[in-house]
Structure formats: structure tokens, C-alpha cells
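For reference, the structure discussed in these notes is given below.
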Amino acid sequence: MATPPASASSEPRPPDTPPSPARSFPRRLRLVATRDFRRVMRQGVRVVDRRLVIWALPNVLGFTRLGLTVGRRHGGAVQRNRVKRVLREAFRLTRERLPAGLDLLVSPHPGPRLTLAEAVESLARLAAGLPERLRARMGAGPRAGAARDLRS
705 MATPPASASS EPRPPDTPPS PARSFPRRLR LVATRDFRRV MRQGVRVVDR RLVIWALPNV
765 LGFTRLGLTV GRRHGGAVQR NRVKRVLREA FRLTRERLPA GLDLLVSPHP GPRLTLAEAV
825 ESLARLAAGL PERLRARMGA GPRAGAARDL RS
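Sequential numbering of the sequence shown, starting at 705, is according to this note's numbering.
Encoded structure:
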């Protein structure tokens, strides 16, 4: 007895099926080199809210890359890896809305467990103001790179 075909929406994707290109997170979209992390932290602008700190610096690649820094104050390896998974997924979900051509370094504030919805909201809101901050930094004096506090 044959079973009727299930609709695509009700059937889960087989585990060996690659994610859609828009939702994948290939290596070229990651900051992996220590020198890149240091360059973004030293030369980039910083924006802050109550959940995240984001450093950003323009790149010449034409696409935005993500680096994560989650320290031991966030707990053991299991907790830190969970936070990184949430932040990577937030980046994947908001990538099309983020300014292009930036290297982003994201660090969560320690505190209550960061949800995906909170990470998406903070990342999108903070990143939206980055082009203006970067323009101001490139044409202004020494205080231009000071952190903008967006805690709410």
C-alpha cells in the first residue's frame, strides 16, 4: 500500500540536504583570523545596547563578515557554544538587512539567557546605525569612534 506524497511544507528536510544559500554560513562570511579580530576592535566603531556590543569596520569584500567573541564569564563551553549558535543564527536571519561590506565583531553582555528573537532585534537595530557612525568616524576627530550607548 503506497502512502500519498506529503506536501513539502509538512515534511522535514532530509539531514543531508544543504541549507538554502541565503541561510547558510560559509567560511567566507566569517572572521576567523586573529589579526582581523584585532583590526576590527582597534580601528572600528563600537555600538552597544543592553544585550550586545558590536564593533564594525568597512572591508573591501562587498559582503559582511561575522566574528564572535564569547568569554568565560558566559559560563562553561556548553553555554558559550549555545550563545554562539544563537548569534550565528541571528546573523543568518538578518544578513540581507545588514549593511554590506562590513566586518562585524559581536560580543554579548553577560546576563540572562539570550534568545534568538532578542539577538535578531539587537543585531538589526545596532547594525542599522553603523553606516552613519562609520561615515562620522572616517571624517571626524578622535572622539568619533567612542561607543554609542543604545541601552534600553
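For each residue, glycine too, the CB sits at the ideal point set by N, CA and C. These figures come from a predicted structure and were not determined experimentally.
- The beta carbon of Leu-772 lies closer than 6 Å to those of Lys-788, Leu-791 and Val-810 in the same chain, with the five residues before and after it left out.
- Secondary structure of Pro-812 (DSSP, three-state): strand.
- Contact between Leu-830 and Val-751 holds, with the beta-carbon distance rounding to 5 Å and staying under 8 Å.
- Here Val-736 is exposed: its Cβ has fewer than 16 other Cβ atoms, across all protein chains shown, within 10 Å.
- Contact check for Leu-806 against Thr-768 passes: the beta carbons are separated by less than 8 Å.
- Excluding the 5 residues flanking it on each side, Glu-793 has same chain C-beta neighbours closer than 7 Å at Leu-820, in chain order.
- A residue is called buried once 16 or more other Cβ atoms fall within 10 Å of its Cβ, and Gly-748 is buried on that count.
- Contact between Arg-801 and Leu-770 does not hold, since their C-beta atoms are separated by about 14 Å, which reaches or exceeds 8 Å.
- CA-CA distance, Pro-762 to Gly-815, rounds to 30 Å.
- Annotated three-state conformation of Asp-753 is coil, per DSSP.
- For Leu-735, there is no enclosing alpha helix (DSSP H), as DSSP marks it with neither H nor E.
- Comparing alpha carbon positions, the residue from Glu-836, Ala-828 and Arg-839 closest to Val-757 is Ala-828.
- Taking Trp-759 as the centre and dropping the five residues before and after it, the same chain places the C-beta of Val-744, Met-745, Gly-748, Arg-750 and Leu-809 closer than 6 Å to its C-beta, in chain order.
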